[in-house]
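This report refers to the structure that appears directly beneath it.
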Amino acid sequence: MITIEELKKKALTKYPDFLLSYYNDSFLDFFPYIIPCNKGNPNDDFEKRSEELKIIHQNSKNNGKRSYKYDTDIVSTRNGKQTIITRIYFEDKLDYLSFINKKKEFEVLVEVSNIIFSDLHTSLSRDCLIRWFVKNHEIISNSNVEDGISFYWKNICLCANWLYKNNQSHLYLRTIPLEVHSKFIESNLSIIHSLISAEKLTKDNNFIKQHGLLEKPDFIRIRFLDEIECIKGFSPEELQLTTSNFLELPSALFMRNISSIYVIENEMVYLTFPQIKNAICIWGHGFTASQFTRFTWLNDYNLYYFGDLDEHGYEILSIFRTSFPRTKSFCMDMSTFNEFDRFRVKGESLKGNVPTNLTDDEMCVFSELKKDKQRNRLEQERISQAWIIKILHSNNL
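Residue numbers (this note's numbering): 87 to 483.
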């Protein structure tokens, strides 16, 4: 015979259907809700059946509780006449909610849905909102709301309405003209977004982008490898530029003296890269090769890429050359690989196709890495400063 725990588990699986019936005013179709279950065999051991029936009765509406109800019948068996349960069911909403311990949760959900139906003015239809309530009933009911449910959800609607009506405001979150703190919006991005659009948030299509807000700018760091006067009387060692400023970098007067640019992945290698006449280096960390494609002006310079000697490093180099075909690798050749062979460690293997935009020498290194999965990574910081200087001198750089 079914246990109380099994009854509750079965009843809980129907909770989303119960919510739909509530919002669609179709309780008459939901109740009585009959739970399909094992009601026991009249030929089972008498004492065992009696104990099981006793537990079912103690927790039932038949015993005066707000709970399930059961119907019985008397049948003849080899053990004589026996009482059997013919069905277990819930008669109404209160019985059902009380048994599954959802009474308070449902009350909160009803309050919140009434607020949203009244205060939300986005493109979501009533049917979409009903599906939203059913999908998010746990989030709604478990919200940790210090200032009260009504205050919280009215502010959620306020934010959603403003973002819907001002889809391309190009403002930072903190400057949105609403009487809510920007931290409130930041803490509730997913909920607010889901009440505006059915489109999912992703890493590449995040809340800020989807709602036309301003993102915190990305910065690119550049180091001067030669003493260059940026502004009269001012020769900084390093600059940090937004990507939009970096896009316009060639227009800077000091760039007239630059002939070579080194893109370096590791920060310490970037910071300690030796001085070179008429050159700058860029810290490539945090930027994928594809993100550099918009900076087409890089093609006007002698461009070098210096990354890790691993499978992914050569993939990045290959992708880099798709946009900048004249790119030369720096210290990613077989002689460097052999010189620091003892520092090779296990790294991640490349999934997918073999990089195509590699020189014969680079492809030899890549092939050696592919052969030994336990030693397929040589980090660029393992390459000594003396070796870097030697390579620069040997190439008259």
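We put the CB at the ideal spot given by N, CA and C, even for glycine.
- In whole angstroms, what is the alpha-carbon distance linking F305 and G370? As a first step, residue 305 is located in the sequence shown; it is residue number 219 there, counting from the start. As a first step, residue 370 is located in the sequence shown; it is residue number 284 there, counting from the start. Roughly 11 Å separates the two Cα atoms.
- How is V198 classed by DSSP in three states: helix, strand or coil? As a working mapping, residue 198 is identified with position 112 in the sequence shown. Here V198 sits in helix by DSSP.
- Task: Let me know if G393 comes out buried or exposed under the rule of 16 or more other beta-carbons within 10 Å of its beta-carbon.
- Result: In the sequence shown, counting from the first residue as 1, residue 393 sits at position 307. Under this definition G393 is a buried residue.
- Message: For D111 and Y250, I'd like the C-alpha separation in whole angstroms.
- Response: Counting from one through the sequence shown, the residue named residue 111 turns up at place 25. Counting from one through the sequence shown, the residue named residue 250 turns up at place 164. Looking at the two C-alpha atoms, the distance is approximately 29 Å.
- Query: When the Cα atoms are used, what is the spatial distance from V486 to N462?
  - Reply: A question about residue 486 goes unanswered here, because the residues of the chain that appear run from 87 up to 483.
- From E434 to K155, what does the alpha carbon distance come to, in whole angstroms? Taking the first residue of the sequence shown as 1, we reach residue 434 at position 348. Taking the first residue of the sequence shown as 1, we reach residue 155 at position 69. When rounded, the distance between both Cα atoms is 60 Å.
- Query: Mind checking whether the beta-carbon of Y391 lies closer than 7 Å to any heavy atom of the ligand GDP?
  - Reply: The model depicted lacks the ligand GDP and carries no ligand whatsoever.
- Message: If you reduce the DSSP assignment to three classes, tell me which class R412 lands in.
- Response: Reading the sequence shown from its first residue, position 326 is the one you call residue 412. The answer is coil: DSSP assigns R412 none of H, G, I, E or B.
- Local conformation of E193 per DSSP, three classes: Here residue 193 is taken as the residue at index 107 of the sequence shown, counted from 1. If DSSP states are grouped into helix, strand and coil, E193 belongs with the helices.
- Note the first and the last residue of the continuous beta strand (DSSP E) segment covering Y390. Here residue 390 refers to the residue found at position 304 when the sequence shown is read from its first residue. Element bounds for Y390: N388 to F392.
- Could you spell out the range, first to last residue, of the beta strand (DSSP E) harbouring C367? Here residue 367 refers to the residue found at position 281 when the sequence shown is read from its first residue. It spans A365 to W369 - the beta strand (DSSP E) in which C367 sits, taken as one unbroken run.
- DSSP beta-bridge partners for F305? By one-based count along the sequence shown, residue 305 stands at place 219. According to DSSP, F305 bridges with T328.
- Task: Pull up the distance between the alpha-carbon of N247 and that of E272, whole angstroms please.
- Result: Counting from 1 along the sequence shown, the entry for residue 247 is found at position 161. Counting from 1 along the sequence shown, the entry for residue 272 is found at position 186. Their Cα atoms are separated by approximately 16 Å.
- Within 10 angstroms of the Cβ of A365, are there 16 or more other Cβ atoms? Answer buried if so, exposed if not. To locate residue 365, count along the sequence shown from 1; it is residue 279. Counting Cβ neighbours within 10 Å, A365 comes out buried, since at least 16 surround it.
- Task: Evaluate H479 with the Cβ neighbour count: other Cβ atoms within 10 Å of its Cβ, from every protein chain shown; 16 or more gives buried, anything less gives exposed.
- Result: Along the sequence shown, read from residue 1 onward, the residue named residue 479 stands at position 393. Result: exposed.
- Item | Per-residue DSSP class, three states only, for Y154 | Taking the first residue of the sequence shown as 1, we reach residue 154 at position 68. Coil at Y154, not helix or strand.
- Message: Using DSSP's beta-bridge definition, name the partner residues of W396.
- Response: Residue 396 sits at position 310 when you count from the first residue of the sequence shown. Looking at the sequence itself, residue 396 is Asp, so the reference to Trp does not match. Answer is R463, bridged to D396.
- Message: Please classify K457 as buried or exposed, where buried requires at least 16 other C-beta atoms within 10 Å of its C-beta.
- Response: Here residue 457 is taken as the residue at index 371 of the sequence shown, counted from 1. Counting Cβ neighbours within 10 Å, K457 comes out exposed, since fewer than 16 surround it.
- In whole angstroms, what separates the C-alpha of I88 from that of R152? The count along the sequence shown starts at 1 and reaches residue 88 at position 2. The count along the sequence shown starts at 1 and reaches residue 152 at position 66. Taking the straight line joining both Cα atoms gives about 19 Å.
- Task: Look at Y258 and L287 and say whether their C-beta atoms are less than 8 Å apart.
- Result: Stepping through the sequence shown from its first residue, residue 258 is reached at position 172. Stepping through the sequence shown from its first residue, residue 287 is reached at position 201. The answer is no: Cβ separation not under 8 Å.
- Item | contact_flag[the region 115-124, the region 204-219] where n(CB pairs < 8 Å) is 3 or more | no
- Item | Chain-order list of residues whose beta-carbon lies under 7 Å from that of W239 (same chain, five-residue window excluded) | On the sequence shown, residue 239 is found 153 positions in, with the first residue counted as 1. Excluding residues within five positions, the ones whose Cβ falls inside 7 Å are V198, I201 and I202.
- Option nearest Q37 by Cα separation, candidates I347, E351, E191 and K269: The question about residue 37 has no answer, for the chain in this structure spans 87 to 483.
- Item | Extent of the continuous beta strand (DSSP E) to which T273 belongs | Residue mapping note: residue 273 aligns to position 187 of the sequence shown, counting from 1. Going by the sequence as given, residue 273 is Ser instead of Thr. Annotation: S273 is outside any beta strand (DSSP E); the continuous alpha helix (DSSP H) that includes it extends over S268 to S273.
- Message: Within 10 Å of its beta-carbon, does F113 have 16 or more other beta-carbons around it, so buried, or fewer, so exposed?
- Response: The residue given as residue 113 occupies position 27 in the sequence shown. F113 comes out exposed.
- Task: Return the CA-CA distance between L195 and I282, expressed in angstroms with no decimal places.
- Result: As a first step, residue 195 must be located in the sequence shown, where it is residue number 109. As a first step, residue 282 must be located in the sequence shown, where it is residue number 196. The C-alpha of I282 is placed about 19 Å away from the C-alpha of L195.
- Query: Should the region 384-403 be regarded as contacting the region 433-453, the criterion being three or more beta carbon pairs within less than 8 Å?
  - Reply: yes
- Task: Please classify Q377: does DSSP put it in a helix, a strand, or coil?
- Result: Along the sequence shown, read from residue 1 onward, the residue named residue 377 stands at position 291. Helix.
- Query: When the Cα of P122 is compared with those of E138, Y175 and T379, which residue comes out closest?
  - Reply: Here residue 122 refers to the residue found at position 36 when the sequence shown is read from its first residue. Looking at E138, Y175 and T379, the one whose alpha-carbon comes closest to that of P122 is Y175.
- Query: From this set, R407, Y182, Q326 and S337, which residue's C-alpha is nearest T445's C-alpha?
  - Reply: Taking the first residue of the sequence shown as position 1, residue 445 is located at position 359. The shortest Cα separation from T445 among R407, Y182, Q326 and S337 belongs to R407.
- Item | Cβ-based neighbour list, R260, same chain, cut-off 7 Å, excluding 5 preceding and 5 following | As a position in the sequence shown, residue 260 is number 174, starting the count at 1. Excluding positions up to five away in sequence, the list reads S268.
- Taking DSSP as the reference, what is the three-state secondary structure of F429? As a first step, residue 429 must be located in the sequence shown, where it is residue number 343. Looking at F429 - three-state DSSP - the assignment turns out to be helix.
- Anticipated Cβ contact below 8 Å, R309 with E323, distance rounded: For the purposes of this step, residue 309 is taken as residue 223 along the sequence shown, with counting starting at 1. For the purposes of this step, residue 323 is taken as residue 237 along the sequence shown, with counting starting at 1. The C-beta distance from R309 to E323 rounds to 6 Å, short enough to fall under 8 Å.
- Which whole-angstrom value is the C-beta distance of Q381 and L333, which I expect to be below 8 Å? For the purposes of this step, residue 381 is identified with residue 295 of the sequence shown, where counting begins at 1. For the purposes of this step, residue 333 is identified with residue 247 of the sequence shown, where counting begins at 1. Reading the sequence as shown, one finds Phe at residue 381 and not Gln. Their Cβ separation, rounded to whole angstroms, is 6 Å, which keeps F381 and L333 in contact under 8 Å.
- Could you work out which residue in E425, L436 and I350 is closest to A472 when comparing CA atoms only? Numbered from 1 along the sequence shown, position 386 holds the residue referred to as residue 472. That would be E425, whose Cα lies nearest to the Cα of A472.
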